[in-house]
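Numbering (the working numbering), first residue to last: 25 to 350. Virtual Cβ for every residue (Gly too), placed ideally from N, Cα, C. Let me begin by presenting the structure, written as structure tokens, before commenting on it.
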Amino acid sequence: MDVVLAGMSTVVPDAKLPQDLVLDWARRTLGSRFAQFERMTKAFDNAGIESRYAVADASWFETPKSWPERNSVYLEGATQLFIKAAAGALDDAGWDADEVDAIVTVSSTGIATPTLEARAHLEMGFREDVIRIPVFGLGCAGGVSGLAIARDFAAAHEGTKVLMVAVEACTVSFCAGTPRKADIIGSAIFGDGAAAVCVTSENSSLNGHNGLNGHIGHSGSNGHNGKNGYNGNNGHNGSTGQKGHNLHNGNKIFIGRGSQKMWPDTLSIMGWEVDEDSLGVVFDKSIPTFTEENFSSAVNGALAKLGKDISQIDRFVCHPGGTKVI
Numbered sequence: 025m026d027v028v029l030a031g032m033s034t035v036v037p038d039a040k041l042p043q044d045l046v047l048d049w050a051r052r053t054l055g056s057r058f059a060q061f062e063r064m065t066k067a068f069d070n071a072g073i074e075s076r077y078a079v080a081d082a083s084w085f086e087t088p089k090s091w092p093e094r095n096s097v098y099l100e101g102a103t104q105l106f107i108k109a110a111a112g113a114l115d116d117a118g119w120d121a122d123e124v125d126a127i128v129t130v131s132s133t134g135i136a137t138p139t140l141e142a143r144a145h146l147e148m149g150f151r152e153d154v155i156r157i158p159v160f161g162l163g164c165a166g167g168v169s170g171l172a173i174a175r176d177f178a179a180a181h182e183g184t185k186v187l188m189v190a191v192e193a194c195t196v197s198f199c200a201g202t203p204r205k206a207d208i209i210g211s212a213i214f215g216d217g218a219a220a221v222c223v224t225s226e227n228s229s230l231n232g233h234n235g236l237n238g239h240i241g242h243s244g245s246n247g248h249n250g251k252n253g254y255n256g257n258n259g260h261n262g263s264t265g266q267k268g269h270n271l272h273n274g275n276k277i278f279i280g281r282g283s284q285k286m287w288p289d290t291l292s293i294m295g296w297e298v299d300e301d302s303l304g305v306v307f308d309k310s311i312p313t314f315t316e317e318n319f320s321s322a323v324n325g326a327l328a329k330l331g332k333d334i335s336q337i338d339r340f341v342c343h344p345g346g347t348k349v350i
């Protein structure tokens, strides 16, 4: 069963945060509480980021916030991002909301129960019997993992129309508790936004296409796949996003099967710690070395399962975690 990308959309919140403004905020807010702050300001310059977007305006970050306050901002901002991204993808696909059979919602930067698609249900106009698949805890690997889940669901049910929306509001965790190195890095690179795709399956005679969707993460030996940090979305003649503005010009973008890999004793490399007033980001200094030592074999293993090799890949679309990881 072929699965094709029918529509896609990306959105950001209204509040724009120039990098120099964020650095000034971090210096005033974190500098006096973290002795090595000035030495780490290079992270802001080396990130390659001119500006980012946030679900709250700059003034919101000036005063301490409790966990309920932060999560309230997450719920409001993430729901609106969900609605805008979903509406854009549906419009790009030419679908009405009541045509959607299943929704995959990916988000790890706040707690939403009921989940975001339920909160958006009435405004969007989804059917009452729409299948909901919320995904929490995959972190940086969430978007491409969600795409793989949407692809597999569509492949299992011919003609099914699946909407996948990935929403993150990382900035609501800025300035949480006593600052650590990870908080400085997080404030230098994280922003808020959402992306959505519409995928559907068809019984096509166009076999032999080269679509590949790969997602590779790290997790612990206990089998939990909840703190994934390294992922690549690899595509050959079918890379999602290569032809994002030409989906209705006769070009079909096929989505291939996904692949995952877990490593033992890696739960402390990346993820969240639950602090008193927020979710505290976890970044281990071993991330670049771990990537260098393990990424190649993981990608080659995933390709081998699909009967392909690295020479067939035209482009990698990676979530890198910064220039040092690249």
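Taking C-alpha positions only, residue 134 is separated from residue 296 by approximately 11 Å. With fewer than 16 other Cβ atoms from the protein chains shown falling within 10 Å of its own Cβ, residue 146 counts as exposed. A Cβ-Cβ contact shorter than 8 Å links residue 226 with residue 28.
Within the model, the alpha-carbon separation for residue 41 versus residue 212 is close to 11 Å. Taking 8 Å as the cut-off, the Cβ atoms of residue 171 and residue 110 do not count as close. Of the candidates 108, 165 and 167, 108 places its Cα closest to the Cα of residue 148. The C-alpha of residue 60 is placed about 46 Å away from the C-alpha of residue 329.
Bounds of the alpha helix (DSSP H) holding residue 64 are 61–64.
With contacts defined by Cβ atoms closer than 8 Å, residue 154 and residue 125 form a contacting pair. Note on residue 70: under 16 other CB atoms within 10 angstroms of its CB, so exposed under the neighbour-count rule. Following the DSSP letters along the chain, one finds residue 296 inside the beta strand (DSSP E) bounded by residues 294–298. Excluding its 5 nearest sequence neighbours in each direction, residue 58 has C-beta neighbours in its own chain below 6 Å: 203, listed in chain order. Close CB contacts of residue 77 within its chain, under the 8 Å cut and outside five residues either way in sequence, are with 36, 37, 38, 39, 40, 41, 215, 216 and 217 (chain order).
Using a Cβ distance threshold of 8 Å, residue 131 and residue 140 count as a contacting pair. For residue 143, the CB contacts under 6 Å within the same chain, skipping 5 residues up- and downstream, are 103 in chain order. Here residue 219 carries a strand assignment [DSSP, helix/strand/coil]. Cβ-Cβ distances below 6 Å link residue 53 to 199 in the same chain, with the five nearest sequence neighbours on each side left out; the list follows chain order. For residue 303 and residue 222, the gap between their C-alpha atoms comes out near 30 Å.
With a beta-carbon spacing of about 6 Å, residue 25 and residue 182 fall inside the 8 Å limit used to define contacts.
Cβ-Cβ distances below 6 Å link residue 220 to 33, 109, 110, 113 and 189 in the same chain, with the five nearest sequence neighbours on each side left out; the list follows chain order. In the DSSP secondary-structure assignment, residue 155 is bridged to 126. Here residue 96 has no same chain residue with a Cβ atom under 7 Å from its own Cβ, once five neighbours each way along the sequence are excluded. Contact check for residue 30 against residue 117 passes: the beta carbons are separated by less than 8 Å.
Non-local C-beta neighbours of residue 91 in its own chain, meaning closer than 7 Å and more than five positions away in sequence, comprise 301 and 302, ordered along the chain. If you compare the alpha carbons of 310, 129, 299 and 80 with that of residue 293, the shortest gap goes to 310. For the pair residue 337 and residue 175, the CB atoms are not nearer than the 8 Å cut-off. If you check the CB distance, residue 127 and residue 157 come in under 8 Å.
Rounded to whole angstroms, the Cβ separation of residue 45 and residue 65 is 14 Å, and the two are not in contact under 8 Å. Residue 178 has its alpha-carbon roughly 19 Å from the corresponding atom of residue 284. Between residue 298 and residue 210, the beta carbon gap of about 15 Å keeps them out of contact (Cβ cut-off 8 Å).
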